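Please read the structure below before turning to the comments.
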Amino acid sequence: MVQKDKLLARRIYLYLGALFITSLVVSNLIFQKFFYWKPFGDLTVFGVSLFEISVGVLPYPITFLITDLISEIFGRKKANQVVTAGIFASFFSMGLVLLADVAPAIESSPLDDAIFSRVFALSPIAVLASMLAYLAAQYIDIAIYHFWKKLTRGKYLWLRNNFSTFLSQFVDTFTVVGLLCIFKVLPWDLFFGLVVSGFLFKIFIALIDTPFLYFFVYIMRKRFNLAIGEEIDLDA
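Residues in the sequence shown are numbered from 7 upward in steps of one, following this note's numbering.
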C-alpha cells in the first residue's frame, strides 16, 4: 500500500474511533430517560412493556457496527484498541460529570444544583454495571466475529456480523440488568421482561445495520483494493 493510502486509512480509523467513543460516552449521559417504542402495539413480556427502554440504548448499535467495520478492514487488534479507549473515555467523562455535580452552583447559574443533579447525576452502580456489561459484550463480539471470519475464510459477512452481535448483545443485556437487580437498583420481578425486551430491540436494530455494514465494507475494499478477508495493517 502506498504512503498516501496508508495515511487515508489511518485517518478513517481515527474518525471511526471518534464516532465509537462519542456514541459510547453519550449513551452513558442520556441513559436516565426512558421511552416506549410500539412497532407491534401494546405488547408485554413478563410484565414489562415490549421495547420500553432507555434512550441510552440508541447509540449502542452504532458502536457495534463500527467495531464490526474496524474488525473487517483493520483487524481484531485495532478493534480491541478502540473498545479499550472507549471504556477509558467513559470512566473519565463520568468522573468529570460527578466533579461538576459536586461544584456548587452560583445564584445566577441557569441550572441550580438540584436540576443539574437530577439531569446529570449518575448512579455509580448503574454506570459500573453498564461498563462491565458493555466491556464483556464488545470483546466477545470482536472475538466471535473473527472466529467466523477465519472459519469462513472471509466469506459470508452477514453471518459473522449477526452471529457475533446476537450473542454479545445478549451478554450485554443479561449482565447489565442482572447487576442492577443484584445491587437493588431494579426489582427482580422485572428481570426477565427487561432482558427479553432489551435483547429483542438490539437484535432488531442489528438486523437493520447489516446492509450498512455491507455498504461501508464495499466502499473500503474498493478504495483500498482489498481482497475478501484481507485487512489493512496500520502498524506496518
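Backbone N, C-alpha and C fix where the C-beta goes; we use that ideal spot for every residue, glycine too. Note that this is a predicted model, so its numbers are computed, not measured.
### Query
Sorted by chain position, which residues of the same chain lie with C-beta nearer than 7 Å to I36's C-beta, five sequence neighbours on each side aside?
The answer, listed in chain order, is V61, G62.
task: Run the CB neighbour count on A212, radius 10 Å, all protein chains shown included, and call it buried at 16 or more, exposed below.
output: The residue is buried, with at least 16 neighbouring Cβ atoms inside 10 Å.
Legend entry - Uninterrupted alpha helix (DSSP H) stretches inside the segment 158 to 235 (no shorter than 4 residues): Taking 4 residues as the minimum length, the alpha helix (DSSP H) runs contained wholly in the segment 158 to 235 are 163 to 188, 197 to 230, in order along the chain.
Three-state secondary structure (DSSP) of I59
Looking at I59 - three-state DSSP - the assignment turns out to be strand.
Using DSSP with H/G/I as helix, E/B as strand and the rest coil, what is F26? In this structure, F26 counts as helix in the three-state DSSP scheme.
Query raised in the report: Which residues mark the beginning and the end of the beta strand (DSSP E) in which F52 is found?
Result: Careful: F52 lies outside any beta strand (DSSP E) and carries neither H nor E.
Measuring straight from C-alpha to C-alpha, what distance separates A143 and E113? Going from the Cα of A143 to the Cα of E113 covers about 44 Å.
Q: Compare the beta carbon distance of K161 and I225 with 8 Å and say whether it is the shorter of the two.
A: No, they are not a contact pair.
Taking the C-alpha atoms as reference points, what is the distance between L240 and E78?
When rounded, the distance between both Cα atoms is 13 Å.
>> Can you confirm whether the segment 199 to 216 touches the segment 67 to 86 when touching is taken to mean that 3 or more C-beta pairs between the two stretches lie within less than 8 Å?
In response: With a cut-off of 8 Å, the segment 199 to 216 and the segment 67 to 86 count as touching, because enough Cβ pairs lie within range.
Close-in-space but distant-in-sequence residues of the same chain around L30 (CB under 6 Å, 5 per side omitted):
Hits under 6 Å: T69, G92, S96.
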